[in-house]
Amino acid sequence: MPSSTTPMTADFFKAIKLDEIDNSFQQELLDNCGIDLNTCLECGKCSGGCSNTHIFDITARQVVKLIKMGEVDSLLKMDSLWTCVSCQLCVDRCPASIDIPRIMDYLREVAYKNQIPATREQVLVFHELMLGHIEKGGRVEEGFLAMEFNLKTGDYFKDVFDPGMKMFFKGKVNPFTPKMKKRDETRRIFKMTSLRKG
Amino acid sequence: MSETKTALVIGGGIAGIEAALKIGQSGYKVLLVEVAESLGGVLEKLYNSYPRYENPADLIKYKVEQLNECPNITVMTQTKVISADQKPNSYLVKLQNKSEAKEVEVDAVVIATGSQMLDVTSHGEYGYGHYDNVVNSLEFEEILKEWATNKDKVTPPKTVAFFKCVGSRDRSKGYPYCSKICCMYTAKQAGVVKEMFPDTKCYVFYMDYRAAGREYEEFVRSVIEDKKVKYVRGRPAKVLPEDGRLLIRAEDTLRGMPIEVTADMVVLAAALEPSAGTKEMSNIFPVKTDKYGFIDYETNEVMKTGERIYYAGACSFAVESLGAMHQGGAAAAQVLALFNQEN
Ligand SMILES: Cc1cc2nc3c(=O)[nH]c(=O)nc-3n(C[C@H](O)[C@H](O)[C@H](O)COP(=O)(O)OP(=O)(O)OC[C@H]3O[C@@H](n4cnc5c(N)ncnc54)[C@H](O)[C@@H]3O)c2cc1C
Ligand code: SF4
Ligand code: SF4
Ligand code: SF4
Chain A
0 MPSSTTPMTA DFFKAIKLDE IDNSFQQELL DNCGIDLNTC LECGKCSGGC SNTHIFDITA
60 RQVVKLIKMG EVDSLLKMDS LWTCVSCQLC VDRCPASIDI PRIMDYLREV AYKNQIPATR
120 EQVLVFHELM LGHIEKGGRV EEGFLAMEFN LKTGDYFKDV FDPGMKMFFK GKVNPFTPKM
180 KKRDETRRIF KMTSLRKG
Chain B
0 MSETKTALVI GGGIAGIEAA LKIGQSGYKV LLVEVAESLG GVLEKLYNSY PRYENPADLI
60 KYKVEQLNEC PNITVMTQTK VISADQKPNS YLVKLQNKSE AKEVEVDAVV IATGSQMLDV
120 TSHGEYGYGH YDNVVNSLEF EEILKEWATN KDKVTPPKTV AFFKCVGSRD RSKGYPYCSK
180 ICCMYTAKQA GVVKEMFPDT KCYVFYMDYR AAGREYEEFV RSVIEDKKVK YVRGRPAKVL
240 PEDGRLLIRA EDTLRGMPIE VTADMVVLAA ALEPSAGTKE MSNIFPVKTD KYGFIDYETN
300 EVMKTGERIY YAGACSFAVE SLGAMHQGGA AAAQVLALFN QEN
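Chains as they are written, first to last, in numbering that gives the first Met the number 0: chain A, 0 to 197; chain B, 0 to 342.
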């Protein structure tokens, strides 16, 4: 907001030139994911129902709106990108069935490809480790994943005793996850679709 | 002018009543059949009506008196149309009431079988059918009547919330169309609550308010400005039980913030769809219907939907009572023109 020292001529609320908006990302979503944002009614049922909206810097409805306004850059940097938990509540509620979790995924992919730093580094680390497991073994080895995550983030004892050990004794975490049979298949999928940097 | 011709009017709501009256008063015979015990349709269930806060029961009473005075009109309640056989210039129609079946030959038909509210158990997030105090708007009209008669005994609710467009403008779990009248009756209902209980808080959750009609915009503005009903722009996402009350979660889309409000009652303005009776009639008679099952019109003709078949009122789409009555009159004009040409 302007303060008493800001010059009176500063462009804080410079008008958006509607006819200069770049709609290519909206088109890209339609072409690549079959999601048509023109069906959005701007009703806010998505963000009203979103399980994490209280910690979102940009709400689900605003994500849709900002794409339509061509403001994709701010979406690639937003915190919501990494606090969205893909719970699907928004799309379940949406009267137009707009698949916002898929949009979030797509945005994450673009951010990752373009090496835009994640605001929540741990979330990215977790994603990478988890996908690494799937690539290698075809499934996630939860115990090891948690250990590796703690090593990587330097928070060595996070969740180890509670709930880690508790879950272990209840048989919820299997330290020796059996390997999948057709591991080559999974690796092939990864080769075809990977966005890995470098 | 011969007076032998007979019109069959199916449905005794305001649209059917008006059509029957005008045909009968013009000298032709009319058979008005109504499946319910009495005439009046949905209007009979309403507490009052927008935009002039009139009592719809008065209108029905006035019209029914005229019906009774007209010797050409026969009213058959608790009666249904079972089948119809198309003849060159008439229909052979089988009617069934409680005790007997009857066959009549009629020269024209007016369908006025109305619409009904979508069953909104489809929208599990609102808890209709699970929580006692989540009701649809038609049930709420009953509640308003009850509150009005027992005003001194009722504990006023602290808060009432109204959700608009439930199952309308919803291609996911309802219909893509706008049900046209719910913006107006929701404003009316919220205003009535404030009138009865000025201390009760009323919130109307809306995407838009649609108030296109004579006195409509002024009506909604007066509900907001004079009766102090709060309009919140956002479609609620969830209703949760909380200490015997109802917690509503939504986003205020103008503010861009999540909001919550605890209410004692939630009123759902459910979509209007063709009534079961309307669907039955479109199976029995050779009429046009749209993809939702509403009676559709023939291009270039007023209220016409098939050979010697006309329609009026909410069976063809959501409409306010004045519009339904006008349509009844227009359908009658078509029947009269047809009958006069053939005489
Ligand atoms: C909650 C709510 C609030 C409303 N508030 C207002 C308001 O404030 N002001 C306003 O102007 N309008 C209001 N309306 C709209 C108003 O109720 C309608 O415009 C009006 O009732 C339409 O009249 P109709 O005769 O077309 O249909 P209906 O009133 O539905 O009448 C149809 C009749 O046909 C009968 N029928 C059905 N099937 C058969 C069959 N197979 N055989 C014989 N009979 C059959 C039914 O029993 C019924 O009597 C409201 C509607 C609702 C739902
Ligand atoms: S999927 Fe993401 S945006 Fe959608 S409701 Fe869940 S957390 Fe919110
Ligand atoms: S719920 Fe769907 S239609 Fe409504 S604002 Fe969100 S994305 Fe748009
Ligand atoms: S009339 Fe109003 S409440 Fe009803 S569907 Fe249309 S916009 Fe929604």
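Beta carbons are placed, not taken as given, at the ideal position from N, Cα and C, and that holds for glycine.
None of these values were measured; they are calculated from a predicted model.
Check: Per DSSP, cross-strand counterpart(s) of B/D84; Outcome: B/L91
Check: Outcome for A/C86 when other beta-carbon atoms lying within 10 angstroms are tallied against a minimum of 16; Outcome: exposed
Check: Under 9 Å from the C-beta of A/Q114: neighbouring residues of chain B; Outcome: Going along chain B, no residue has its Cβ under 9 Å from A/Q114, so there is no contact; the nearest lies around 29 Å.
Check: Where A/M166 sits in the DSSP three-state scheme; Outcome: helix
Check: B/F161 - containing beta strand (DSSP E), residue span; Outcome: 158 to 165
Check: CB contact check: B/S343 to chain A, cutoff 8 Å; Outcome: Within the shown structure, residues of chain B are numbered from 0 to 342, placing residue 343 of chain B beyond reach of any answer.
Check: Uninterrupted alpha helix (DSSP H) stretches inside the stretch 136 to 217 of chain B (no shorter than 4 residues); Outcome: 136 to 148, 181 to 195
Check: DSSP three-state assignment for A/E147, whether helix, strand or coil; Outcome: helix
Check: Neighbour flag for B/T252 against chain A, beta carbons, 8 Å; Outcome: yes
Check: Any 3 or more C-beta pairs closer than 8 Å across the stretch 295 to 313 of chain B and the stretch 328 to 339 of chain B; Outcome: yes
Check: A/T192: first and last residue of the uninterrupted alpha helix (DSSP H) it sits in; Outcome: 182 to 192
Check: Which residues DSSP lists as bridging B/V73, in chain order; Outcome: For the sequence presented, residue 73 of chain B should be read as Thr rather than Val. Looking at the DSSP assignment, B/T73 forms a beta bridge with B/L30.
Check: is_contact[B/G40, chain A] using C-beta, thresh 8 Å; Outcome: no
Check: Chain B contacts from the stretch 79 to 102 of chain A (Cβ-Cβ distance under 7 Å); Outcome: R92, C93, P94, A95, S96
Check: Residues near A/L106 in its chain [Cβ-Cβ closer than 7 Å; skip 5 each side]; Outcome: L74, L75, L80
Check: A/V63 Cβ short of 7 Å to ligand 5 heavy atom set; Outcome: Ligands present in the displayed structure are limited to ligand 1, ligand 2, ligand 3 and ligand 4, and ligand 5 is not among them.
Check: Span of the beta strand (DSSP E), counted from its first residue to its last, around B/I308; Outcome: 308 to 310
Check: Backbone secondary structure at B/D263 - three-state DSSP; Outcome: coil
Check: Within chain D, the residues that A/G33 reaches when beta carbons sit closer than 8 Å; Outcome: No chain D appears in this structure, whose protein chains are A and B.
Check: Reference A/H53; option with closest CA among B/R248, B/I13, B/K152; Outcome: B/R248
Check: Between the CA atoms of A/M166 and A/F160 - distance to the nearest angstrom; Outcome: 9 Å
Check: Counted within 10 angstroms of its Cβ, other Cβ atoms place B/A107 as buried (16 or more) or exposed; Outcome: buried
Check: Proximal residues, the stretch 103 to 129 of chain B versus chain A, C-beta separation under 7 Å; Outcome: E124
Check: Own chain, CB closer than 6 Å to A/R119, minus 5 neighbours either side, in chain order; Outcome: W81
Check: Ligand 4 heavy atom lying under 7 Å from the CB of B/C177; Outcome: yes
Check: Contacts of A/T201 in chain B (Cβ-Cβ under 8 Å); Outcome: One cannot answer for residue 201 of chain A here, as it falls past the ends of chain A, which runs 0 to 197.
Check: Exposure of B/D169, with buried meaning 16 or more beta-carbon neighbours within 10 Å; Outcome: buried
Check: A/I15 in three-state terms, based on DSSP; Outcome: coil
Check: Members of the stretch 233 to 245 of chain B near chain A, C-beta cut-off 9 Å; Outcome: G233, R234, P235, A236, K237
Check: Where B/E319 sits in the DSSP three-state scheme; Outcome: coil
Check: Residue closest to B/K60, alpha-carbon to alpha-carbon, out of B/A189, B/C177, B/G40, B/L91; Outcome: B/G40
Check: Amino acids of chain B, ordered along the chain, whose beta-carbon sits closer than 9 Å to that of A/G48; Outcome: E124, P235, A236, K237, R248, A249, E250
Check: Whether B/E250 touches A/G47 by CB criterion (8 Å); Outcome: yes
Check: Where A/A117 sits in the DSSP three-state scheme; Outcome: coil
Check: Assigned exposure category for B/A336 - 16 Cβ within 10 Å defines buried; Outcome: exposed
Check: C-beta contact flag for B/L245 and B/G166 at 8 Å; Outcome: no
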